[in-house]
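Chemist:
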Amino acid sequence: MNSHLKSRLYISPSSPPFHFLRAIVQSFHLCHRYYAAKPHYDNDRRFRRKEASEGELLHLHKSKGQHLLTNPRILDTIVRKSAIKPTDTVLEIGPGTGNLTLRLLPVARKVVAVELDRRMVEVLHKRVAESGFQDSLSVICQDALKVDFPPFDLVVANIPYGISSPLIIKLVYGENPFQSATLLLQKEFARRLLANPGDSEFNRLAVNVKLVADVEFVMDVSKRDFHPCPKVDSSVVIIRPKPEVPQVNLAEWCSFTKTCFGKKNKTLGATFKQKKKVLELLELSTRTVSVSRNDEDDENDEESDCDEEMESSGCGSGRTLGLFKEKIIGVLRSGGFEDKRPAKMKNEELLELLSLLNQSGVFFHNHANDESSNNVALAAAAFD
Ligand SMILES: C[S@@+](CC[C@H](N)C(=O)[O-])C[C@H]1O[C@@H](n2cnc3c(N)ncnc32)[C@H](O)[C@@H]1O
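Following full-length UniProt numbering, the residues of the sequence shown are numbered contiguously, the last one being 384.
1) Look up K110 in the DSSP assignment and say whether it is helix, strand or coil.
2) Does DSSP classify E352 as helix, strand or coil?
3) Among F363, R333, A108 and L194, which has the Cα closest to the Cα of A83?
4) What is the chain-ordered set of residues for which the beta carbon lies under 6 Å from any non-hydrogen atom of ligand 1?
5) Taking 8 Å as the cut-off, does the stretch 173-191 touch the stretch 232-246 (at least 3 CB pairs, one atom from each stretch)?
6) Between which two residues does the alpha helix (DSSP H) carrying I239 extend?
7) For the beta strand (DSSP E) containing V245, list its first residue and its last residue.
8) Using the Cα positions of A195 and V156, report the straight-line distance between them to the nearest angstrom.
9) Let me make sure I understand the geometry here. Which of T89, F363 and K277 has the alpha-carbon closest to that of G322?
10) Locate the beta strand (DSSP E) running through T89, then write down its first and last residues.
11) Cα-Cα, which of Q142, K275, L104 and D135 is closest to M120?
12) Helix, strand or coil for M219? Go by DSSP, reduced to three states.
13) Pick out whichever of G96, V289 and K146 has its Cα sitting closest to the Cα of I159.
14) Which word fits G262, buried or exposed, when buried means at least 16 other C-beta atoms lie within 10 angstroms of its C-beta?
15) Can you tell me where the beta strand (DSSP E) with N158 in it begins and where it stops?
16) What distance in whole Å lies between the Cβ atoms of V172 and V212, which are believed to be in contact at a cut-off of 8 Å?
17) Have a look at F364, E349 and N176 and flag the residue whose alpha-carbon is nearest the alpha-carbon of L250.
18) For the beta strand (DSSP E) holding V139, just list the boundary residues, first then last.
19) In three-state DSSP terms, what is S164?
20) Output the distance between the C-alpha atoms of E244 and L58, rounded to the nearest integer angstrom.
21) Look up H367 in the DSSP assignment and say whether it is helix, strand or coil.
22) If I follow the unbroken alpha helix (DSSP H) through S334, where does it start and stop?
23) Would you call W280 buried or exposed, if buried means 16 or more other Cβ atoms sit within 10 Å of its Cβ?
24) Counting C-beta neighbours from all protein chains within 10 Å, is the total for S63 16 or more, i.e. buried, or is it exposed?
25) At the level of alpha carbons, what is the spacing between D88 and L284?
26) Under the three-state reduction of DSSP, which class applies to L185: helix, strand or coil?
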């Protein structure tokens with residue numbers, strides 16, 4: 001090789017091209033180490049395609065909320081924020097093709113997945129078997145709103161948005177004690193759940209959930225992180241049941257908040273002066289008082305006593321109705337509630353008002369069927 005050519009090929013360690021080459025080699029090593037430690041980040045786009053492709057074989061039903069979460073970073077963050085311990089049983093509602101399930105299985109003792117769609121369950125079983133975690137998964141192929149959940153420690157789920165309200169009520173008012181529920185929800189729905197008294201989004205759902213649980217915002221998730229892309233953005237929240245819940249009959253509470261938030265910007269005075277509402281409460285209250293009195297009487301006479309009570313109270317007669325309305329307004333005035341708007345009231349104030357009304361014999365729920373129903377059924381009925 002002639003000296004001229006040699007000098008063109010040889011790159012001195014101090015020359016700029018040498019630094020350039022060394023930088024390339026170093027970044028290659030760094031990238032290699034990073035990707036080796038996090039194999040599923042090997043290529044976001046390629047990975048998203050893989051996660052989505054599991055669903056591409058199936059026709060995905062929008063009516064069943066079948067939008068698969070395909071962004072590995074979001075999936076990993078959800079699992080990390082859920083703080084799952086190796087001893088925990090995780091309940092996953094709507095596992096779909098398993099994008100989240102495959103990340104839950106390595107960190108939990110067990111995953112119980114409740115999925116409505118048999119086709120999804122088949123894909124889920126196949127993928128989990130390939131990952132070798134099949135012994136840690138149990139699948140219930142049923143409607144999550146209809147099935148009794150087995151015991152669990154945590155909920156982690158990208159749920160179908162159409163069942164958000166009843167599912168959350170089922171969880172927080174249910175019999176299963178649990179530590180937390182990390183849920184991916186429609187963004188607007190999550191904002192309402194996170195709202196506080198005085199916020200424009202504050203509503204009955206937030207009031208009822210806040211009675212028994214705290215809600216924490218985790219992050220927003222773009223609609224582009226799903227396959228197929230939905231019309232709305234999403235948010236992740238964590239719901240944690242409160243260690244102590246106020247002493248209140250939950251069915252009575254839910255029916256009371258249904259009345260108060262029927263028109264949430266009306267004053268309580270205006271709400272409780274409506275003739276139709278007063279009549280409804282008079283009937284419910286008469287029944288409830290009758291039932292509690294009859295509890296002390298002979299069971300055989302119960303029905304006739306109740307009917308007599310309704311008749312003797314003249315339920316619906318103008319005078320009785322007027323007196324009952326005065327009683328309600330009297331309670332509102334004496335407690336300073338008449339001009340308040342429920343959307344600006346804290347739960348403590350609402351609880352105080354309910355207690356004052358109940359003490360005066362004003363009830364919001366027909367307690368006659370309480371013994372045959374559980375909290376969830378009673379609360380769900382109040383949500384209809
Ligand atoms: C939003 S997708 C989530 C899929 C998966 N977790 C993911 O993140 O890719 C919701 C899943 O819930 C299922 N599903 C819909 N309604 C359901 C119900 N009532 N009970 C149980 N699963 C339901 C759907 O079939 C679907 O697989």
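Just so it is clear, CB atoms sit at the ideal spot from N, CA and C, and this is done for glycine as well.
Modeler: Let me spell this out:
1) DSSP places K110 in strand when its eight states are reduced to three.
2) E352 falls in the helix class under three-state DSSP.
3) Comparing Cα positions, the closest option is A108.
4) A residue is listed when its beta-carbon falls short of 6 Å from at least one non-hydrogen atom of ligand 1; in chain order these are K64, G65, Q66, H67, L68, L69, I93, G94, P95, G96, N99, L100, V114, E115, L116, D117, M120, D143, A144, L145, N158, P160 and I163.
5) Remark: three or more beta-carbon pairs, one from each stretch, lie closer than 8 Å, so the stretch 232-246 and the stretch 173-191 are flagged as touching.
6) Here I239 belongs to no alpha helix (DSSP H); instead the beta strand (DSSP E) covers S234 to P241.
7) Segment: none, V245 is in no beta strand (DSSP E) and carries neither H nor E.
8) Counting only the Cα atoms, V156 lies some 22 Å from A195.
9) Closest by alpha carbon: K277.
10) In the DSSP assignment, T89 falls within the unbroken beta strand (DSSP E) covering T89 to I93.
11) Among Q142, K275, L104 and D135, the Cα nearest to that of M120 is on Q142.
12) In this structure, M219 counts as strand in the three-state DSSP scheme.
13) Closest in alpha carbon position to I159, among G96, V289 and K146, is G96.
14) Label assigned to G262: exposed.
15) Element bounds for N158: L154 to N158.
16) A Cβ-Cβ distance of about 5 Å is found for the pair V212 and V172, placing them in contact under the 8 Å criterion.
17) The option with the nearest alpha carbon to L250 is F364.
18) It spans L137 to I140 - the beta strand (DSSP E) in which V139 sits, taken as one unbroken run.
19) Per DSSP, reduced to three states, the secondary structure at S164 is helical.
20) Cα to Cα, E244 sits roughly 45 Å from L58.
21) For H367, the secondary structure class from DSSP, reduced to helix, strand or coil, is helix.
22) S334 -> alpha helix (DSSP H) spans G318 to S334.
23) For clarity, residue 280 is Glu in the given sequence; the question names Trp instead. Here E280 is exposed. Its C-beta has fewer than 16 other C-beta atoms within 10 Å.
24) S63 comes out exposed.
25) Our two residues, D88 and L284, have alpha carbons roughly 44 Å apart in a direct line.
26) Of the three classes helix, strand and coil, the one that applies to L185 here is strand, per DSSP.
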